[in-house]
Amino acid sequence: MSLKGRSILDAGIFTPDVFAELAERTTRLLDARPEPIFRDEAVVMLFYQPSTRTRMSFQLAAVRLGAQVIYTEDAGKFSSAAKGEILEDTTRIVGGYRPKALVLRHQDEDAPYVVARNFERLGLDVPLFNAGSGAGQHPTQAVLDLYTIQRELGRTSDVEIAFVGDCRYSRTVRSLVTLLAQCPGARVHFVSVPELRVGSDVRDALDRAGVPYSETDDWSDLVSRVDVLYMTRPQKEWFTDEAMFQTVKDRFVLDRAIAERMRPEARILHPLPRNEEIALDVDPLPQAAYFRQADYGPPLRTALFQMVCG
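Those letters in the sequence shown? Residues 579 to 888, per the numbering used here, in order.
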């Protein structure tokens, strides 16, 4: 399946064949400058939520490919959304300017699909990249995570992974699970407090794919066993009760003593930003791959632009 001209709305678009091509392109770009495909054309980035790595890696990718980048870092405040303009109208205007691509981050799960349907209805041929939508999907982070697993472990099959922390609201967990369901021999564990247990949609997806999984609030036996420890931060924005957030935020903290129980070849991933769920003294350990994970972002998103817009 070709990605040429297609929008990247959810992780399901990355079939094994598409992932294989994307991974091969990304690896070539780790040490090479890409040929420009945009030639001073525009890529627009509308970010309604804060971002560092996703925004900058998309921006770096576009610039390296020769694009002029037009972006709004806090579109809720610094676009006409602050005056009450609805998303459909904002993106209709942007799409009408005919950029080579639109990169959208939004607090609503359905936002990318709303925009994509609007573009289709209006006949606007502008590829849309979902850079994170509410608690729903973050497809380019998911494929970056899977690429990191392949790069660090040398495989994507027979991977045992434990997601730790916020398994309910984390869009990166939900999106990566979609890809792991396509990986032979995957085994998944969700480690969280009851308030942050994974949703039924994720469990149903794993059941349909025949992927074994477990749910627990005790990670003592898993740390020394899994291939990947995928840490997440409890997200304060989803809690209406401050006392409850304070109760759960430090429930799972990966300190050096715990991390040193991991097998030497195992890896720690984190979509970042972190708060206090990974201690700083874990960073020098060879298992700590989360900064390398972020480093793979610009070449991977460069490769993705090539496949969609090239």
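Think of the CB as a built atom: it goes at the ideal place given N, C-alpha and C, for glycine as much as any other residue.
Using the Cβ count rule (16 or more neighbours within 10 Å means buried), how would you classify residue i?
| i | result |
| --- | --- |
| residue 728 | buried |
| residue 865 | buried |
| residue 642 | buried |
| residue 746 | buried |
| residue 845 | buried |
| residue 685 | exposed |
| residue 808 | buried |
| residue 717 | buried |
Between the beta-carbon of residue i and the beta-carbon of residue j, is there less than 8 Å?
| i | j | result |
| --- | --- | --- |
| residue 760 | residue 594 | yes |
| residue 832 | residue 867 | no |
| residue 680 | residue 721 | no |
| residue 705 | residue 879 | no |
| residue 810 | residue 742 | yes |
| residue 859 | residue 834 | yes |
| residue 678 | residue 620 | yes |
| residue 797 | residue 837 | no |
| residue 694 | residue 711 | no |
| residue 801 | residue 784 | no |
| residue 586 | residue 886 | yes |
| residue 588 | residue 708 | yes |
| residue 793 | residue 830 | no |
| residue 884 | residue 591 | no |
What is the DSSP secondary structure of residue i, reduced to helix, strand or coil?
| i | result |
| --- | --- |
| residue 592 | coil |
| residue 865 | coil |
| residue 696 | helix |
| residue 711 | strand |
| residue 789 | coil |
| residue 630 | coil |
| residue 771 | coil |
| residue 683 | strand |
| residue 850 | coil |
| residue 782 | helix |
| residue 603 | helix |
| residue 638 | helix |
| residue 690 | helix |
| residue 870 | helix |
For residue i, which beta-bridge partners are listed by DSSP?
| i | result |
| --- | --- |
| residue 620 | 646 |
| residue 738 | 765 |
| residue 845 | 806 |
| residue 625 | 683 |
| residue 856 | 832 |
| residue 706 | 680 |
| residue 794 | 769 |
Ends of the beta strand (DSSP E) at residue i?
| i | result |
| --- | --- |
| residue 554 | Outside the modelled stretch of the chain, which goes from 579 to 888, sits residue 554, for which no answer is possible. |
Kindly indicate the opening and closing residues of the alpha helix (DSSP H) around residue i.
| i | result |
| --- | --- |
| residue 749 | 749-758 |
| residue 586 | It is not in any alpha helix (DSSP H) - residue 586 carries neither H nor E in the DSSP assignment. |
| residue 655 | 653-656 |
| residue 613 | No alpha helix (DSSP H) holds residue 613; DSSP gives it neither H nor E. |
| residue 879 | 875-887 |
| residue 730 | 717-731 |
| residue 672 | 665-674 |
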